Ligand code: NDP
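Residue numbers (the numbering used here): 9 to 459.
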């Protein structure tokens, strides 16, 4: 506990991840007496073992390609050797620094921090692991989600995204289960670091929800790089064999031998053991806490935001939900989260990103749809002799000329898409894109040159 001694708070937040910390500090800034409990590390999945360290690994991995391409740009790189522990430890140190900043934020906003597990003992009562009981006007559950690990024999030999950041050494051969965000991001990372990567997915669809053409482009590029895929395949068991290698018994494909297995088969809401059922807080599928549009659960004084509600499992959405909750309940502001046109990205190699309707969603929901694509080789790739092509795509409602979706794969696609998302959110028309002068030479100019 960092400050405050009273057992009475206006708000008690369970879970100091991105959403919980935002709600706590904003509520405190509005004048509420706020406490927050965290059983692991302040900052939550995104900061401690998710988006942030992952993005740093993506940067680290990209050097493999850049150093390779450098020769065509005149650079003579004598020796290229990658040292995993050096990158790992620098990333972990950066995570420590960020955790410190999160702690400072709580402290400077006078939020009382309990570094222990907290569960609900009543509609206005929180029970801490130490036995202490704390009363609160409202309780906000922001406990996030955890990796789903299937109940197969030998699962203890597999890693989840929780462990991948602290691996002792890089595996020579790594198998990744799943075909979603984490699988594709870590396939790129491991591949660039020199591991032989095999993705095993239960269906033949990667990254469901993203535009099909863009997903297909990632698959083609990944195959060309040498990443292997086993589709319509599942794991039956994992066994350690002599010398430390793992034998993976499969159904739907041949058995595989590997040095490491990473499971990336989705994340489950962290709602178990919080005393929710006893209190009558209604849970939905996969244990998600059911909430209304004000993030209120079926118990009046209990609210929930972020991954534990399984609405949209993205950090910026949890932050928005935390901000809106605090503004509404403690700031007298009629704040709502707008779930329309949420941009998202996969930091694969190359990255892809999208906002709004995919082509097939648009065709299913709108009258007539126009699709514009630009399929090009970035000039940097041309000089480097790299065949990788980018694909940008605009989905337009033919009746209104409104751009209802933007989808991209290629270098820096997430950086460009964030800006394109403003256009989709603002319901700009294709004619607005067309009338914007191109910024030459750039990749982004393709967005305004599609005819
Ligand atoms: P995803 O939901 O992205 O992908 C899960 C993958 O595992 C899918 O291919 C899915 O197949 C498959 N799968 C699901 N359940 C099972 C099962 N029981 N057995 C076998 N395969 C299964 O999950 P991730 O774990 O990759 O990531 C979790 C979440 O974290 C993401 O949904 C995302 O919201 C967030 N995240 C966001 C990132 C970003 O913004 N860049 C980065 C990393 C994570 P199917 O398609 O058939 O369902």
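Where is the CB? At the ideal position from N, CA and C, for every residue including glycine.
Fair warning: this is a prediction, and the values are worked out from it, not measured in the lab.
What is the DSSP secondary structure of residue i, reduced to helix, strand or coil?
i           : result
residue 369 : helix
residue 163 : helix
residue 387 : helix
residue 80  : helix
residue 319 : coil
residue 360 : strand
residue 434 : coil
residue 218 : strand
residue 9   : For residue 9, the predicted model reports a pLDDT of 43, less than 50, meaning its position is unreliable; a value from the coordinates is still stated below. Residue state, collapsed to three classes: coil.
residue 341 : coil
residue 285 : helix
residue 122 : strand
residue 197 : helix
residue 264 : strand
residue 248 : strand
residue 180 : coil
residue 27  : helix
residue 171 : coil
Does the beta-carbon distance from residue i to residue j come in below 8 angstroms?
i           : j           : result
residue 195 : residue 271 : no
residue 192 : residue 212 : no
residue 21  : residue 150 : yes
residue 235 : residue 205 : yes
residue 263 : residue 256 : yes
residue 386 : residue 419 : yes
residue 339 : residue 38  : yes
residue 210 : residue 242 : yes
residue 452 : residue 351 : no
residue 163 : residue 66  : no
residue 331 : residue 301 : no
residue 61  : residue 99  : yes
residue 309 : residue 147 : yes
residue 75  : residue 85  : yes
residue 178 : residue 284 : no
residue 406 : residue 381 : no
residue 185 : residue 276 : no
residue 202 : residue 90  : yes
residue 437 : residue 454 : no
residue 460 : residue 69  : Because the chain spans 9 through 459 in this model, residue 460 falls outside it and cannot be assessed.
residue 32  : residue 18  : no
residue 231 : residue 187 : no
residue 80  : residue 282 : no
residue 323 : residue 59  : yes
Using a Cβ-Cβ cut-off of 7 angstroms (strictly less than) and excluding sequence neighbours within five positions of residue i, which residues of its own chain qualify?
i           : result
residue 57  : 169, 170 and 173
residue 189 : 354
residue 229 : 358 and 396
residue 433 : 349
residue 303 : 311, 312, 313, 329 and 333
residue 64  : 99 and 102
residue 260 : 240, 241 and 242
residue 233 : 199
residue 280 : 295
Closer than 8 angstroms by C-beta to residue i: which residues in its own chain qualify, once you throw out the five before and the five after it? Chain order, please.
i           : result
residue 136 : 45, 122, 124, 125, 126 and 142
residue 110 : 24, 29, 50, 51 and 55
residue 335 : 34, 38, 341 and 343
residue 175 : 92, 96, 167 and 268
Determine which residues share a DSSP beta bridge with residue i and list them.
i           : result
residue 378 : 404
residue 258 : 243
residue 415 : 362 and 401
residue 130 : 133
residue 473 : The structure shown has nothing for residue 473, since the chain only spans 9 to 459.
residue 352 : 362
residue 185 : 208 and 271
residue 22  : 45 and 149
residue 276 : 154
residue 143 : 16 and 133
residue 291 : 297
residue 311 : 148 and 304
Leaving out five residues on either side along the sequence, give the residues of the same chain with a beta carbon under 6 angstroms from the beta carbon of residue i.
i           : result
residue 72  : 200
residue 10  : Bear in mind that a pLDDT of 39 at residue 10, under 50, signals an unreliable position, so the model cannot answer this.
residue 374 : 405
residue 456 : 441, 444 and 446
residue 435 : 410
Touch check for the region 319-330 and the region 17-35: three-plus C-beta pairs under 8 angstroms?
yes
Are the region 127-146 and the region 247-260 in contact at 8 angstroms, needing three or more beta carbon pairs?
no
Would the region 406-415 and the region 362-371 be scored as touching if the rule is three or more Cβ pairs under 8 angstroms?
yes
Should the region 388-399 be regarded as contacting the region 368-379, the criterion being three or more beta carbon pairs within less than 8 angstroms?
no
Are the region 267-282 and the region 111-122 in contact at 8 angstroms, needing three or more beta carbon pairs?
no
Could you tell me whether the region 219-238 touches the region 398-410, where touching means 3 or more Cβ pairs closer than 8 angstroms?
yes
Tell me, please, whether the region 312-320 touches the region 280-299 by the rule of three or more beta-carbon pairs shorter than 8 angstroms.
yes
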